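The structure appears below as structure tokens.
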Amino acid sequence: MVSFSVRTVTAASVLPAALAIAAFSSSSPSRFRFCRFPAKSDFHFPSSLVLVTTPRSLHATADPVRTNVTLHMESVAADFKHSDKVFIIDPSLQRGVLPELMTEFMVDMTCEGCVSAVKNSLQKLEGVKGIDVDLSNQVVRVIGTLPVKTMLDVIEHSGRKGRLIGQGNPNGFQVSAAVAEFKGPVIFGVVRLAQVHMELVRIEASFSGLSHGRHGWSINEYGDLTGGVESTGKVFSPENQVSEQPLGDLGTLEATENGEAHFSGSKEKLRIFELIGRSIAIYEKEDRADMGIAAAVIARSAGVGENYKKICTCDGVTIWESN
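Read in order, the letters of the sequence shown correspond to residues -20 to -1, 1 to 303 in mature numbering (1 follows the signal peptide of the UniProt record, and there is no 0).
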């Protein structure tokens, strides 16, 4: 992993980084007194957890792991002009690096040989800090900084089916994870949100069906999709926000020529329990000047230890048959 620390940046020198970074700021008040927010991400590992201390020379190079570049924008206050718009660099954005979190997978394991194969595959990855396997429930828990897709790919490359079943901080949020699913007919994708601690949310997103180029995207006020993006309201901004940039502004997505876009990063000041029932919207233009092209409602998703069912009670579909 390559890491950069930027402390003194001029408007000219920050231009390349700023094209890939959106501005985030401010905080939102807690409206639910029952939610408990630990001061930091301080995981208590299960006694069966295997801590991974694999030397760098043993890290898999053939696995689909992209090199993440960390942009630590410390004490940066720079703005510049691009396409007649002023963009502001904000230190609250972390793009291309994910904070440490526990992720649970249901894995089609039947014996200790399966357990060893899955562990050995995951232990080779840089960013995996610990692995716990529960063979009786077919559950694999991973603590680390890797994207969900990377870990799922590695699990399936070991010869086993895998499904994400939970994500979050096991030390206590009543609402620790959320998901927004884009189901077409043109744009498909999923956005996963997980609360790391009171002041930080981890964000992972994948899309297909987009036109080539940059697209603005944001968390909007409402989950009303009756009028498409237009009925989702403005970009989410808490009443006590002091920054000019709305808290729900997620910056830009860069779609490839085949229409795919991916985002991995984190956002300060977001709290998932305040986002449930709102929406995530995508726009054709980078500055969100158009009416928008797709939106999906943000719904609560399972946290760690909350979803061990293997058959859906509504339609009888098993977890291995589901998409």
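Backbone N, C-alpha and C define an ideal beta-carbon position, used for all residues, glycine too.
It should be emphasised that the depicted structure is a prediction, and the values quoted were computed from it without experimental measurement.
I'd like the list of long-range same chain contacts for residue 237, defined as Cβ closer than 7 Å, with 5 residues on each side in sequence excluded. 192
Out of 234, 233, 250, which has the shortest C-alpha to C-alpha gap to residue 221? 250
Give me the DSSP bridge partner(s) of residue 185. For residue 185, the pairing in a beta bridge is given by DSSP as 171, 243.
For residue 82 versus residue 121, is the C-beta spacing smaller than 8 Å? yes
Pairwise C-alpha distance: residue 204 and residue 247: The C-alpha of residue 247 lies about 24 Å from the C-alpha of residue 204.
Where residue 260 and residue 200 are concerned, what is the direct C-alpha to C-alpha distance, given to the nearest angstrom? Using only the alpha carbons, I get a separation of about 6 Å.
May I ask you to verify whether the segment 155 to 162 touches the segment 125 to 134, counting CB pairs closer than 8 Å and requiring at least 3? Not touching, per the Cβ criterion.
Residue environment, residue 298, which counts as buried when at least 16 other CB atoms sit within 10 Å: Counting C-beta atoms within 10 angstroms of its own C-beta, residue 298 has fewer than 16 neighbours from the protein chains shown and is therefore classed as exposed.
Just to check, is the beta-carbon of residue 148 closer than 7 Å to a non-hydrogen atom of the ligand COA? As far as ligands go, the structure on display features none, and thus does not contain the ligand COA.
Within this structure, are the beta carbons of residue 148 and residue 283 separated by less than 8 Å? In this structure, residue 283 lies closer than 8 Å to residue 148 by Cβ.
Which of the three DSSP states is assigned to residue 216 in this structure? coil
Taking only three categories from DSSP, how would you classify residue 112? strand
Is it buried or exposed, residue 197, if we count other Cβ atoms within 10 angstroms and call 16 or more buried? buried
Short of 6 Å in beta carbon distance, which residues of its chain neighbour residue 277, apart from the five on each side in sequence? Order them along the chain. For residue 277, where only same-chain residues beyond five positions count, the Cβ hits under 6 Å are 203, 259.
Between which two residues does the beta strand (DSSP E) carrying residue 259 extend? 259 to 262
Local conformation of residue 236 per DSSP, three classes: coil
What residues in its chain sit with their C-beta under 8 Å from that of residue 39, if we drop five residues either side in the sequence? Confidence at residue 39 is low in this model, with a pLDDT of 37, below 50, so its placement is unreliable and no value can be given for it.
Can you tell me whether residue 33 is buried or exposed, with buried defined as 16 or more other CB within 10 angstroms of its CB? Note on residue 33: pLDDT 45, under 50, position unreliable in the model; the coordinate value appears next. Per the 10 Å Cβ criterion, exposed.
According to DSSP, is residue 287 helix, strand or coil? coil
Note down the Cα distance separating residue 55 from residue 88, rounded to an integer number of angstroms. For residue 55, the predicted structure reports a pLDDT of 29, less than 50, and the residue's modelled location is therefore unreliable. A value from the coordinates is still provided. When rounded, the distance between both Cα atoms is 47 Å.
Leaving out five residues on either side along the sequence, give the residues of the same chain with a beta carbon under 6 Å from the beta carbon of residue 142. 85, 87, 132, 135, 136
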